[in-house]
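Residue numbers (full-length UniProt numbering): 1 to 763. Positions of the beta carbon are idealized from the N, C-alpha and C atoms, including for glycine. Here the structure is laid out as structure tokens; the discussion comes afterwards.
Quick look at the structure:
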């Protein structure tokens, strides 16, 4: 274990070194190495990692360290067989770390929990589906079951899953969107009419200014750095707005460019860094908007050209007058204090925004996991509308989703709050009444399980137990279920936190050949910029006993529903093109689905706001004023505890994707061989009377009387605003209260939790 500064640029030879380490560690066979060069290629497969799009999805090989790690993890030669489970009780496996569990390899057989031995034992597929059907059909109400979806599920699997669940009779669809970009999905419809971004990769070639909010592309979306590199090299202004100053937004050495690699050179990325305090983005963006308005007022007063795009505002928007009144009335002292950013820097950021003719604003979970996330997303929309920076080439809104198909799953109907229009269309196409009530999201599902209202939990991928907040409560909630079912490629802790009955169902990965009736099947995904493309695996399946997600969902539906509604489950799993035929019957934008997706690069889904068509109640884009909330849990905690109160954000390490831990290093932040660290300003370490390297315990400050504590973290001095700390998840998820959620979105506030640090009890 070591803490030592990392002085190199992002990517470069360091990335290649760690790729080699991962390939050796996963024991990837030589025959599977070819799959590394088939990622995101027209005759290959879509990377199972992030949702960053590919240029034309048919270009030359594009190196991505974390993409290779994801492929290596799926292509590993290590196996978790029935013999493995026979040698380990669940209690013994629970003693292993998340990293150790990941390293055991691919699941090979369907397994059922045996309470007498506390072990998983093999079960035949037919028996597994019968068990699921018996438990679901024994429930008094379909709403006593919840159906989770990971962002790795394909469009086809997600569509079948929601078809099955709605035929069963519920809208209980907790999904990974509920934990990441839900504020985007709920916020943007109120301003521009649709909860998706308005840009494509082509816009990055024409943008002259990029504002990057709450993102760490080097770790979470490494291929994004290639686009940023090209933007920087042609002179675009790039501003990084994030509490942590991340290496990937400082300097980047592109593995695709031999000169940079051979000369050990790099490309500077950001020309300005702004570090708001945690939860301060709303005040910062509002401050920029206020400054833009003030400068426009001054221009009008002295007869200069206006700064605001009044043609856009008058033709395409409503509500500007009320919005402007709110900006003028806001106090600068409050905006500066709540953002944590000096007034001079807010003015500088406003000047950069004003000078930009074509501005793209991108954001990640640094903007969406706060109490005020929906207002923040809407304020960013307001700012961009002030100068008409939506719906023109080289400009627009760019939410960057996490997992590879998290956006596609929502498009396919994985939505606990479905619209009436969608349900009406489903009824016309499939001929049965759809459940109309809103279902449970992630947080509500955990609460319902804990209260005994949900008795069956089925997870289509993911690691629900570790990805969710309030870990001890989530564990108890899952353990109170009559049945838990986990559909997965590799073992994780979520399989060991189970109901009275439990199944682990192994599935094909996206890198693997999916043969149905002797014919290879492709699946489609939708990336963060609404491109839809098809993907075919290349590797031999890890086990002959694996089923595809589509086969698992369709057979689960057959067993549960019988002949109800005369749905063609067998035809769907025999030929995935038939699923796509029915998808286009439900969604107009998927017309000629099979023909269009067969073309190299696939096709782009129309986003109305990109074309300045506003699907809102007014028929125009809507300015929405936002107040700075003066009565928040953090403000109340600060009033009680003063400077000792810290605000914590959870984050990934570089050797991590979501809850999957590839290794124990975070080299860009200088952490090696360990994960239990707290990133903290040196002045705060001094204020606490401690020193870097000391060990501390962390305790949440919340008003529900529940003690939430995580112990044994090393203090690491870091460039982060005073009063703010960072730590890795899932280790700090126990500190996130279940009822601490984004207003209007329900997303856990994992980027702004009030906590106290005390010397570790074990020290």
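Using alpha carbons as the reference points, say which of 325, 76 and 499 lies closest to residue 541.
-> Residue 541 has its Cα closest to that of 76, out of 325, 76 and 499.
Among 275, 281, 517 and 609, the one whose alpha carbon lies nearest that of residue 389 = The residue with the shortest Cα to Cα distance from residue 389 is 609.
Counting Cβ pairs closer than 8 Å, one from the stretch 464-474 and one from the stretch 436-449, do we hit at least three?
-> Contact between the stretch 464-474 and the stretch 436-449 is present: three or more C-beta pairs spanning the two stretches fall below 8 Å.
Tell me, please, which residues DSSP counts as bridged to residue 560.
-> The partner list for residue 560 (beta bridge, DSSP) is empty, contrary to what the question assumes.
Three-state secondary structure (DSSP) of residue 699 = Correct three-state label for residue 699: strand.
Within 10 angstroms of its Cβ, does residue 617 collect 16 or more other Cβ (buried), or is it exposed?
-> Exposed, since its Cβ has fewer than 16 Cβ neighbours within 10 Å.
Residue 260 (DSSP reduced to helix, strand or coil) = In this predicted model, residue 260 has a pLDDT of only 47, less than 50, meaning its place in the structure is not dependable enough to derive any value.
So, do the stretch 362-378 and the stretch 167-177 have three or more beta carbon pairs nearer to each other than 8 Å?
-> Because the criterion of three Cβ pairs below 8 Å is not met, the stretch 362-378 and the stretch 167-177 do not touch.
Buried versus exposed call for residue 209 [16 or more other C-beta atoms within 10 Å across all chains shown] | Classification of residue 209: buried, given that the 10 Å Cβ count is 16 or more.
Classify residue 94 as buried or exposed, calling it buried when 16 or more other Cβ atoms lie within 10 Å of its own Cβ.
-> Exposed, because fewer than 16 other Cβ atoms sit within 10 Å of the Cβ of residue 94.
Per-residue DSSP class, three states only, for residue 2 = Residue 2 falls in the strand class under three-state DSSP.
Where does residue 677 sit, in a helix, a strand or coil, going by DSSP?
-> Note: residue 677 maps to strand in three-state DSSP.
Identify which residue in 139, 584, 104 and 320 has its Cα closest to the Cα of residue 456.
-> Among 139, 584, 104 and 320, the Cα nearest to that of residue 456 is on 139.
What are the boundary residues of the alpha helix (DSSP H) that residue 298 is part of?
-> Per DSSP, the continuous alpha helix (DSSP H) segment holding residue 298 begins and ends at 281-302.
Between the Cα of residue 537 and the Cα atoms of 122, 510 and 437, which residue gives the shortest distance?
-> With distances taken between Cα atoms, residue 537 lies closest to 510.
What is the rounded straight-line gap between the Cα of residue 507 and the Cα of residue 524?
-> Going from the Cα of residue 507 to the Cα of residue 524 covers about 17 Å.
Close-in-space but distant-in-sequence residues of the same chain around residue 555 (CB under 6 Å, 5 per side omitted) = Cβ-Cβ distances below 6 Å link residue 555 to 129 in the same chain, with the five nearest sequence neighbours on each side left out; the list follows chain order.
Pick out whichever of 539, 316, 303 and 531 has its Cα sitting closest to the Cα of residue 520.
-> Of the candidates 539, 316, 303 and 531, 539 places its Cα closest to the Cα of residue 520.
What separation, rounded to the nearest whole angstrom, lies between the Cα atoms of residue 661 and residue 401?
-> Taking the CA atoms as reference points, residue 661 sits about 19 Å from residue 401.
In its own chain, which residues sit with a C-beta less than 7 Å from the C-beta of residue 59, not counting the 5 before and 5 after it?
-> For residue 59, the predicted structure reports a pLDDT of 46, less than 50, and the residue's modelled location is therefore unreliable. A value from the coordinates is still provided. In its chain, beyond the 5 residues on either side, no residue has a beta carbon closer than 7 Å to the beta carbon of residue 59.
Whole-angstrom distance between residue 301 and residue 149, CA atom to CA atom | Residue 149 and residue 301: Cα-Cα distance of roughly 55 Å.
Going straight from the alpha carbon of residue 275 to that of residue 339, what length do you get?
-> Taking the straight line from one Cα to the other gives about 9 Å.
Would you decide whether residue 615 is buried or exposed? Buried here means 16 or more other CB atoms lie within 10 Å of its CB.
-> So residue 615 counts as exposed.
Decide yes or no for the touch test of the stretch 593-600 against the stretch 427-441: beta carbon pairs closer than 8 Å, at least 3 of them.
-> No, because fewer than three Cβ pairs between the stretch 593-600 and the stretch 427-441 fall closer than 8 Å, the two stretches do not touch.
With DSSP collapsed to three states, give me the class of residue 741.
-> Residue 741 carries a strand assignment under DSSP once its states are collapsed to helix, strand and coil.
contact_flag[the stretch 576-596, the stretch 482-498] where n(CB pairs < 8 Å) is 3 or more = Fewer than three beta-carbon pairs drawn from the stretch 576-596 and the stretch 482-498 are found closer than 8 Å, and the two stretches are therefore not classed as touching.
Could you give the DSSP three-state label for residue 52: helix, strand or coil?
-> Looking at residue 52 - three-state DSSP - the assignment turns out to be coil, as it is neither helix nor strand.
Starting from residue 724 and walking both ways along the beta strand (DSSP E), at which residues does that stretch end?
-> For residue 724, the enclosing beta strand (DSSP E) covers residues 724-728.
Assuming residue 677 and residue 716 make a contact with CB atoms under 8 Å, what is their CB distance in whole Å?
-> So it is a contact: roughly 5 Å between Cβ atoms.
Can you give me the Cβ contacts of residue 230 inside the same chain, cut-off strictly under 6 Å, excluding the 5 residues immediately before and after it?
-> Counting only Cβ-Cβ distances below 6 Å, and skipping sequence neighbours, we find nothing.
Identity of the residue in 119, 131, 326 and 373 nearest residue 623 by Cα = The shortest C-alpha separation from residue 623 is found at 326.
Taking 8 Å as the threshold, find out whether the stretch 346-361 comes into contact with the stretch 233-246 through three or more Cβ pairs.
-> Judged by Cβ distances under 8 Å, the stretch 346-361 makes contact with the stretch 233-246, as three or more pairs qualify.
Selection from 348, 484 and 666 that minimises the alpha carbon distance to residue 1 = Of the candidates 348, 484 and 666, the one whose C-alpha sits nearest the C-alpha of residue 1 is 666.
Does the stretch 330-346 touch the stretch 183-193, meaning 3 or more C-beta pairs lie closer than 8 Å?
-> With the cut-off at 8 Å, the stretch 183-193 and the stretch 330-346 do not touch.
Does DSSP put residue 363 in a helix, a strand or coil?
-> Note: residue 363 maps to strand in three-state DSSP.
Pull up the distance between the alpha-carbon of residue 478 and that of residue 147, whole angstroms please.
-> Just so you know, the alpha carbons of residue 478 and residue 147 end up roughly 13 Å apart.
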